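Worksheet for the structure shown next.
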Amino acid sequence: MQRRDTIARRTAAYVSLGQQRYRVEHIADPALAGISDVATLGDKIIVLRRQSPQLIVLGPNGTSLETCVELPQLVCGHGLRKIGCDRLAVTDMDGHKVIVIDGTLNEVTRMDCNDHPQLGRPFNHPCDCVQGPDGRFYVADGYGNSTVHIFSANLEHLRTFGEPGSGKGAFSTPHSLLFDAKGRLCVADRENDRVQIFDPDGNWLSQINGVHRPMALALTIEGLLLVTDQTPRLSAYDTEGNLVGRCRTFSTYGHGLAQLPDETIIIADMAPDRLTLLKPVAAALDI
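And the structure:
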């Protein structure tokens, strides 16, 4: 029996974060199998695959597959984050290193331990890397260690803070990190169900509770802190740590987050593996 077009077409889904409403779109492609994280360079979407590490480059809004770059120097790709205007930090979880690549996706430098992972020292299965406002680098050494390492702009190891535990400043799988709109370091302390907030030297300031196994962090153009967790959901917080919006995500894990210049939010979803785009609808909600 022939189905009417109105039945056959899939109804669009919408979510909201605060007053902003978004249309939900999914990009599912075999090339995204094993997706781990996502970042943007201009209006292009860069996807990191975990096993057989690769960078997949998609055109604006994920409309086309532009190129695929192999990363043979990686063992297991985990984190991908934009640093500066045109560089990306790629974290190799099982290769115990972070490589920095330029806008042509070529390696320009790296931080590593020469294949000698150590407890409490860089590195031991790291998760994510971010560059601070002053040029220093911060690495969440999350699976083998429960620490954050600070490096100079010249990649010299300066200090390490954190230890295994659940108290202030301790971690259990620091999984993602970034600097917020106030220049504070936010760390997704996954197994402790919180996001801890520090000054740039690693001194504890505060924390956000009420998240379940936080996975990924991103900062919107407006300065809201976005957090995915394993509920699964996406939460938005203002600079005071107040929850201002929340919605469900559409796979088991939102493992990576980024935002395009047009304010589209991109989620690197796992199980099923795909990209989810939250595209802002022009009219805000009346509330």
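If you want this note's numbering, it's the position in the sequence shown, counting the first as 1, plus 56.
Note that beta-carbon positions come from the ideal geometry of N, C-alpha and C, so glycine has one too.
Computed from a prediction, not measured in an experiment: that's the story for all the values here.
Here I277 is exposed. Its C-beta has fewer than 16 other C-beta atoms within 10 Å. One thing to note: D329 has its Cβ no nearer than 8 Å to the Cβ of T305. For A314, the enclosing beta strand (DSSP E) begins and ends at 309 to 315. Shortest Cα-Cα distance from G266 to any of L88, D236, E247 involves E247. Straight-line spacing of the CA atoms in T295 and K153 works out to 31 Å.
The alpha-carbon separation between I322 and L161 amounts to approximately 20 Å.
Ranked by Cα distance from C183, the first of R143, L88, G198 is G198. One alpha carbon belongs to V251, the other to P270, and they sit about 7 Å apart.
Only residues of its own chain outside the window of five on either side were considered, and among them C124, V125, E126, L127 have a CB closer than 7 Å to the CB of Q110, listed in chain order.
By DSSP's assignment, T123 forms a beta bridge with V113. T284 has A272, L290 as its beta-bridge partners, per DSSP. Per the coordinates, the alpha-carbon of R289 lies some 33 Å from the alpha-carbon of Q129. DSSP lists E81, I322 as the beta-bridge partner residues of L333. In the displayed model, R246 falls within a helix according to three-state DSSP. A straight-line Cα-Cα distance of about 48 Å links G258 and R66. Relative to the Cα of H231, the nearest Cα in the group C169, G239, T203 belongs to T203. Nearest in C-alpha terms to D236, of all of P256, S222, E163, is P256. Under the three-state reduction of DSSP, P182 is assigned to coil, being neither helix nor strand. Here Q76 is buried. Its C-beta has 16 or more other C-beta atoms within 10 Å. Taking each of A196, H213, L211 in turn and checking the Cα distance to G225, the smallest one comes out for A196. Note on geometry: alpha-carbon atoms of P336 and G279 lie some 16 Å from one another.
Taking Q286 as the centre and dropping the five residues before and after it, the same chain places the C-beta of H268, R269, M271, Y309 closer than 7 Å to its C-beta, in chain order. Comparing C-alpha distances from S262 to each of G118, L241, S228, D148 shows the shortest one belongs to L241.
Within 10 angstroms of the beta-carbon of D148 lie 16 or more other beta-carbons, which makes it buried.
A distance below 6 Å between beta-carbons, with the five flanking residues on each side excluded, links T165 to the following residues of its chain, in chain order: V156.
As computed with DSSP, C303 is found in a beta bridge with L290. Cβ neighbours of A327 within its own chain (closer than 7 Å, five residues either side excluded): S307, T308, Y309. Ranked by Cα distance from I139, the first of Q174, G188, M167 is G188.
Here DSSP, grouped into helix, strand and coil, assigns G118 to helix. The beta carbon of D158 sits closer than 6 Å to the beta carbons of R143, V164 from its chain, once the five residues preceding and following it are set aside; these are given in chain order.
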